[in-house]
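In this text, residue positions in the sequence shown follow UniProt numbering: the first is 1, and each later residue adds one. Even for Gly, the Cβ is constructed at its ideal location relative to N, Cα and C. Keep in mind that this is a model prediction, so the values were computed, not measured. Down below is the structure, laid out as structure tokens.
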Amino acid sequence: MLVELGKLFGRRRTWAAIVLLNVLPTIVAVTLAWTGIAPRPGSGPAFLSAVLADGTLFAIAALAIVLPLFLPVAIAVVAGESIAGEAQAGTLRYLLVRPVGRTRLLVRKLGAVVAFTLVAVLSVAGVGYVVGRLLLGDAPASGSLLSLSGTALTPTEVAWRTAVAIGYITVSMLGVAALALLLSTLTDSPQSASLGAMAFLIGSSLLLTVDAARPLQPYLPTRYWLSFVDLYRDPVLWSAIERGLALQAVYVGVFLLAAWANFTTRDVTS
């Protein structure tokens, strides 16, 4: 596992992806601090209208900014390269010559992808928190913040809800990682694996806007990505969050099982 982590985090493009993930939220924070104009409540990324009152909320606002596109793209690229990248470089068969089973190798690759997913999410949240606090200020003098339901939330309540939201977003992104890993076992082209995963997710997002696809919408992988906003209602609305977690668990389980079944029986020639 340490070898795979070293290979992944030893690449410049891995850190370049993490830096790029933080660029857009930082630009947004600078713009908000400069103009003092935030979107009206209900428009724009979640919580962007509230960060002028409490800059610490920019941690979750930053994740909402990158969640629809940039974060899944980064994870799909890394996961899509995990197996297919080795095949493209001609090193996969040499890895399998060693006394390391295919299942063990796949688990190591998965562990590295999960680690990247966690680092990416935490880095965006951490940088968002620091940037928001420096540029947009601390919590209001009253020491409380209004929830989406209009009631006051204490700093402690905001903190634990934000921690749960970060965990929820991480789990949601594991579905992207599992899909891209599956596609990575089906092709020798990491670009094809990454693009295939993104095409699947973009198709899911488009179907959410089509009325004719309403019967399918509760089962689409992107359906509950933004349900973390319900954590900031009072009381918390857990129903969509629970459905989102259950749906991601199914997708992760199915994709990983398919990846394992294909990789352990695949005729590796590269």
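Query                                                                                                        : Result
Within 8 Å, strictly: CB atoms of Gly6 and Phe58                                                             : no
From Arg161, Gly132 and Arg102, residue whose alpha carbon lies closest to that of Ile241                    : Arg161
Three-state class that DSSP yields for Leu145 in the structure shown                                         : strand
Ala17 versus Pro218 - alpha carbon distance                                                                  : 31 Å
Stretch-stretch touch, CB-based, cutoff 8 Å, three pairs: the stretch 111 to 121 with the stretch 198 to 205 : no
Val210 - containing alpha helix (DSSP H), residue span                                                       : Unbroken run through Val210: none, as it is neither H nor E.
Cβ neighbours of Glu4 in the same chain (closer than 7 Å, five flanking residues each side left out)         : Arg108, Lys109, Gly111 and Ala112
Spatially closest choice to Gly175 from Leu71, Asp54, Val236 and Leu135, by CA coordinates                   : Leu71
Leu153 - partner residues in DSSP beta bridges                                                               : Leu145
Proximal residues to Thr187 (C-beta, below 7 Å), its chain only, five neighbours per side dropped            : Ala84 and Ala193
Closest residue to Pro221 among Asp54, Gly253 and Leu92 (Cα-Cα distance)                                     : Gly253
Rounded distance between the beta-carbons of Trp225 and Leu67, thought under 8 Å                             : 6 Å
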